[in-house]
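Convert by adding 1233 to the 1-based position in the first sequence; the result is the number in my numbering.
Just so it is clear, CB atoms sit at the ideal spot from N, CA and C, and this is done for glycine as well.
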Amino acid sequence: MTLRVTNTLTGEREAFEPRDPDSVLLYYCGLTTSDPAHLGHARGWVHVDVMHRWLAHLGYDVRHVENFTDVNEKIVARVGEDGESEADVARHYVQSVIDDMRALNLRRAEVYPRVSEHVPEIVAMVETLIEKGYAYEANGSVYFDVTTFEEYGKLSNQQLDEIEAQGDPDEQSEKRNPADFALWKAGGVDPAAIEDHQHEGASPPEAACESAQTWDSPWSEGRPGWHIECSAMSTTHLGETIDIHVGGQDLVFPHHENEIAQSEAATGQQFARHWLHVRLLETKGEKMSSSLGNFFTVEAAVDEYGTDVVRTFLLSTAYHNSAVYSEATIDEAIERWETLERGYERAVRACDDVDAYATVEDDTLRTAVTTAREHFETAMNDDFNTREALAALTELVGAVNVHVDEQSSFDYRALREVVETIEELGGGVLGLSFGYSEDGDVSVAEDLVELLLDVREAERAAGNYERADELRDEVESLGVEVQDTDDGPTYRLG
RNA sequence: GCCAAGGUGGCAGAGUUCGGCCUAACGCAGCGGCCUGCAGAGCCGCCCAUCGCCGGUUCAAAUCCGGCCCUUGGCUCCA
1234 MTLRVTNTLT GEREAFEPRD PDSVLLYYCG LTTSDPAHLG HARGWVHVDV MHRWLAHLGY
1294 DVRHVENFTD VNEKIVARVG EDGESEADVA RHYVQSVIDD MRALNLRRAE VYPRVSEHVP
1354 EIVAMVETLI EKGYAYEANG SVYFDVTTFE EYGKLSNQQL DEIEAQGDPD EQSEKRNPAD
1414 FALWKAGGVD PAAIEDHQHE GASPPEAACE SAQTWDSPWS EGRPGWHIEC SAMSTTHLGE
1474 TIDIHVGGQD LVFPHHENEI AQSEAATGQQ FARHWLHVRL LETKGEKMSS SLGNFFTVEA
1534 AVDEYGTDVV RTFLLSTAYH NSAVYSEATI DEAIERWETL ERGYERAVRA CDDVDAYATV
1594 EDDTLRTAVT TAREHFETAM NDDFNTREAL AALTELVGAV NVHVDEQSSF DYRALREVVE
1654 TIEELGGGVL GLSFGYSEDG DVSVAEDLVE LLLDVREAER AAGNYERADE LRDEVESLGV
1714 EVQDTDDGPT YRLG
């Protein structure tokens, strides 16, 4: 069973073939650090995270690089609001992104390069493009001449004469072709360019632009263009050809198209073997986006629902299809996660039950484990179908419930395998937090909960159900879920 | 206008690459039952889909071909 991925370049679901059979070079286009990250960004991150984890699970050595665009006009537009200079604002949001990523339980990428730290590499790449005749200078700015790169448009299937002009009016007059794009821009940021992006509390445009960073170059004191950064950073950290380049589907054109043109023109090598695009998260029929103002921040989502629910929600739709955020879809994710978590804990408890050591053999449960593993593997190998992978785990949990409900003693070995499977696939691959460590606070809390439940049992035994229900309500109001069973109450810390 | 991806039950969402195991997965909501002092959880069962429309190929199509309608995204910073 081999991994298949949908490649935007070919438009087909094809066998994944890294340059080297043992390792994968993975690049993800990160975000511009000018606003808090929202659930749409989180969707990309979590899916890339799971791709990373699955590739590692398959035995590949994964080198994963994800950039921060910390030089951008939208960042300048926040000056005064979130810092006193472009660099301050960028630092502020880089930190918030890092915090969000931790909150989402993402596996760390190997490097998180920033544009501001790669200007020399960017300048060098632009110089190469000029030397090779792919780029030209005009009034201190440098543009890529799209007519010199024969395959321009191959990713997005654009015809050159159909492409509308890129860039602002001043830029148009300097360019040879309307579709040419900037590699280097002379001077600082034009106040007029940021006005539309400013919020209340921001500095006046002129003052904000004063704080914008500029760098020396052979052509002018200026700033790097919008697309060259990813080419330069990817090449610097992963080399000329990478295996998987992932990004949001809104980046296909022009960003990724331009990256291909720049990189392949500069190196003469294929830039990325597989291009994967995460489709967008929608709310009420339109994409979730900072500029549309219809977003739900990562921080708010994690605060409200918790990491596991947010991840379950995002993984409930395969990355390759657009997803809908609504109350109903979040509620479904809550139920799904709780079903998995309860099932897992039931299996753990059953394993720890003395009766579990009885020599029961439940073929149904044993088969269910094998089936779930196969189902999960098939799903993930089929273009990282996380929805289907979750379904595999849900089915396994159903089998556990049947087993525990129906058996008076348990199949220890099978339950052991269930627990390991859920921890390995649900925890290790999907990044959900199965298996909790019991630190001191938790165990004290558990002792206290048990004490309260003992009291309640006494009230129940005495027939004082009213008092018993009050006690249960009070315990539950503290975030503890109580379950009465034939063998007495069980509980779960929320 | 051009490029791309989609249209599957009340909701959500797999399956379409390689046509048959799809009388369409997992789930949410709803209904009935088991269990229970009650509730929740769990279990069992049920309800709801001729898979956008029209035509074609085939023994066989959600899956292939043609046409049409609609939605979303991109063509401007955007995950």
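Check your understanding: Any idea if H1432 is buried or exposed, counting beta-carbon neighbours within 10 angstroms, 16 or more meaning buried?
Key -> Locating residue 1432 in the first sequence gives position 199, counting from the first residue. Label assigned to H1432: exposed.
Exercise for review: Check whether the Cβ atoms of V1279 and L1548 sit closer than 8 Å, and answer yes or no.
Suggested key: The residue labelled residue 1279 in the question sits at position 46 within the first sequence. The residue labelled residue 1548 in the question sits at position 315 within the first sequence. If you check the CB distance, V1279 and L1548 come in under 8 Å.
Exercise for review: Below 8 Å CB to CB, which residues in the same chain sit around R1569 once its five sequence neighbours on both sides are set aside?
Suggested key: On the first sequence, residue 1569 is found 336 positions in, with the first residue counted as 1. Once the five neighbours on either side are set aside, the close Cβ partners of R1569 are T1545, S1549, L1623 and T1627.
Check your understanding: When every heavy atom of the ligand ATP is checked, does at least one fall within less than 7 Å of the C-beta of T1611?
Key -> With respect to the ligand ATP, the structure shown offers nothing to examine, as it has no ligands at all.
Point to revise | Beta bridge counterpart(s) of H1478 as assigned by DSSP | key: Here the question's residue 1478 lines up with position 245 in the first sequence. BP columns for H1478 point to Y1260 and W1508.
Review point. CA-CA distance, L1760 and L1686?
Key: Past the boundaries of the shown model lies residue 1760; the chain is included only from 1234 to 1727, so the question cannot be answered.
Practice item. Let me know the alpha helix (DSSP H) ranges lying completely inside the segment 1352-1429, each 4 residues or longer, listed in chain order. Key: Fully enclosed alpha helix (DSSP H) runs of no fewer than 4 residues occupy 1352-1364, 1402-1407 and 1424-1427 of the segment 1352-1429, in order along the chain.
Review point. For the putative contact between L1362 and A1566, defined by C-beta atoms under 8 Å, what is the C-beta separation to the nearest angstrom?
Key: Taking the first residue of the first sequence as 1, we reach residue 1362 at position 129. Taking the first residue of the first sequence as 1, we reach residue 1566 at position 333. Contact doesn't hold; Cβ gap of about 46 Å is too wide.
Review point. Between R1286 and R1340, is the Cβ-Cβ spacing less than 8 Å?
Key: Taking the first residue of the first sequence as 1, we reach residue 1286 at position 53. Taking the first residue of the first sequence as 1, we reach residue 1340 at position 107. Taking 8 Å as the Cβ cut-off, R1286 and R1340 qualify as a contacting pair.
Check your understanding: From T1723 to H1430, what distance separates their C-alpha atoms?
Key -> Indexing the first sequence from 1 puts residue 1723 at position 490. Indexing the first sequence from 1 puts residue 1430 at position 197. If you take the alpha carbons of T1723 and H1430, they lie about 54 Å apart.
**Study point:** A1275 to V1283 span [Cα, whole Å]
**Key:** Counting from one through the first sequence, the residue named residue 1275 turns up at place 42. Counting from one through the first sequence, the residue named residue 1283 turns up at place 50. When only Cα atoms are considered, A1275 and V1283 end up about 12 Å apart.
Check your understanding: Do you know how far the Cα of V1535 is from the Cα of S1670?
Key -> Position 437 of the first sequence, counting from 1, holds the residue named residue 1670. Position 302 of the first sequence, counting from 1, holds the residue named residue 1535. Bear in mind that the predicted position of S1670 carries a pLDDT of just 46, short of 50, making it unreliable; the figure below should be weighed with that in mind. When the Cα atoms are used, S1670 and V1535 turn out to be separated by approximately 20 Å.
**Study point:** Start and end residues, beta strand (DSSP E) containing D1253
**Key:** Counting from one through the first sequence, the residue named residue 1253 turns up at place 20. D1253: not part of any beta strand (DSSP E); DSSP gives it neither H nor E.
Exercise for review: Decide yes or no for the touch test of the segment 1437-1453 against the segment 1305-1319: beta carbon pairs closer than 8 Å, at least 3 of them.
Suggested key: Under the 8 Å Cβ criterion, the segment 1437-1453 counts as touching the segment 1305-1319, having at least three qualifying pairs.
Exercise for review: Determine the contact status of R1512 and H1460, defining contact as a CB-CB distance below 8 Å.
Suggested key: The residue labelled residue 1512 in the question sits at position 279 within the first sequence. The residue labelled residue 1460 in the question sits at position 227 within the first sequence. With respect to H1460, R1512 sits apart: the two C-beta atoms are not nearer than 8 Å.
Review point. Going by the beta-carbon positions, is the gap between F1486 and S1389 smaller than 8 Å?
Key: In the first sequence, counting from the first residue as 1, residue 1486 sits at position 253. In the first sequence, counting from the first residue as 1, residue 1389 sits at position 156. Yes, Cβ-Cβ distance for F1486 and S1389 is below 8 Å.
Point to revise | Cβ shell of L1288 (< 6 Å), same chain only, five flanking positions each side left out | key: Translated into the one-based positions of the first sequence, residue 1288 becomes position 55. Only V1257 and V1295 meet the Cβ criterion.
**Study point:** Residue environment, T1302, which counts as buried when at least 16 other CB atoms sit within 10 Å
**Key:** Residue numbering aside, residue 1302 sits at position 69 when the first sequence is read from its first letter. Buried.
**Study point:** Endpoints, the alpha helix (DSSP H) within which T1597 is located
**Key:** The residue labelled residue 1597 in the question sits at position 364 within the first sequence. Element bounds for T1597: D1596 to N1614.
Point to revise | For W1417, the nearest candidate out of E1370, P1411 and Q1405 (CA to CA) | key: The residue given as residue 1417 occupies position 184 in the first sequence. Closest by alpha carbon: E1370.
**Study point:** Sufficient close CB pairs (3 or more, under 8 Å) joining the segment 1464-1478 to the segment 1488-1505
**Key:** The segment 1464-1478 is in contact with the segment 1488-1505.
Practice item. For Q1716, name the three-state secondary structure that DSSP assigns. Key: Translated into the one-based positions of the first sequence, residue 1716 becomes position 483. If DSSP states are grouped into helix, strand and coil, Q1716 belongs with the strands.
Review point. Excluding sequence positions up to five away, which residues of its chain have a Cβ less than 7 Å from the Cβ of D1672?
Key: Along the first sequence, read from residue 1 onward, the residue named residue 1672 stands at position 439. Its pLDDT being 49, under 50, D1672 is placed unreliably by the model, and the measurement read from it follows with that caveat. By the criterion of a C-beta distance shorter than 7 Å, D1672 is surrounded by no residue of its chain, once the five residues flanking it on both sides are discounted.
Review point. Is it the case that the Cβ atoms of P1346 and H1470 are separated by a distance below 8 Å?
Key: Locating residue 1346 in the first sequence gives position 113, counting from the first residue. Locating residue 1470 in the first sequence gives position 237, counting from the first residue. Yes, they are a contact pair.
Point to revise | Same chain, Cβ closer than 7 Å to G1244, five either side skipped, listed in chain order | key: If you number the first sequence from 1, residue 1244 lands on position 11. Result list for G1244: empty, nothing under 7 Å.
Review point. With respect to the beta strand (DSSP E) encompassing P1457, which residues constitute its N-terminal and C-terminal limits?
Key: As a working note, residue 1457 is residue 224 in the first sequence. From DSSP, the beta strand (DSSP E) with P1457 extends over G1455 to P1457.
Exercise for review: Give me the Cα-Cα distance between I1331 and D1541, rounded to the nearest whole angstrom.
Suggested key: Position 98 of the first sequence, counting from 1, holds the residue named residue 1331. Position 308 of the first sequence, counting from 1, holds the residue named residue 1541. I1331 and D1541: Cα-Cα distance of roughly 18 Å.
Point to revise | Contacting residues, own chain, Cβ-Cβ under 7 Å from R1606 (five flanking each side not counted) | key: Sequence index remark: in the first sequence, residue 1606 carries index 373 (1-based). T1654.
**Study point:** Exposure of P1451, with buried meaning 16 or more beta-carbon neighbours within 10 Å
**Key:** Along the first sequence, one-based indexing puts residue 1451 at 218. Exposed is the call here.
Check your understanding: Is K1517 helix, strand or coil when you go by DSSP?
Key -> Start at 1 with the first residue of the first sequence, and residue 1517 comes out as number 284. K1517: coil per DSSP, three-state reduction.
Review point. Since V1327 and T1266 are thought to touch, with beta carbons under 8 Å apart, how far apart are those beta carbons, to the nearest angstrom?
Key: Within the first sequence, the letter at position 94 stands for residue 1327. Within the first sequence, the letter at position 33 stands for residue 1266. At roughly 5 Å, the Cβ-Cβ gap stays under 8 Å, so V1327 and T1266 are in contact.
Practice item. Check F1301 in the structure and name its three-state DSSP category. Key: As a working note, residue 1301 is residue 68 in the first sequence. Correct three-state label for F1301: strand.
Practice item. Work out the CA separation of L1726 and G1712 for me, nearest whole Å. Key: Translated into the one-based positions of the first sequence, residue 1712 becomes position 479. Translated into the one-based positions of the first sequence, residue 1726 becomes position 493. Distance between the alpha carbons of G1712 and L1726: 7 Å.
Check your understanding: Tell me which same chain residues have a C-beta within less than 8 Å of the C-beta of Q1503, skipping the five on either side of it?
Key -> Taking the first sequence and counting its residues from 1, one reaches residue 1503 at position 270. Listed in chain order, the non-local C-beta contacts of Q1503 below 8 Å within the same chain comprise T1474 and E1497, local neighbours out to five positions each way being set aside.
Exercise for review: Output the distance between the C-alpha atoms of H1489 and H1510, rounded to the nearest integer angstrom.
Suggested key: Counting from 1 along the first sequence, the entry for residue 1489 is found at position 256. Counting from 1 along the first sequence, the entry for residue 1510 is found at position 277. Distance between the alpha carbons of H1489 and H1510: 10 Å.
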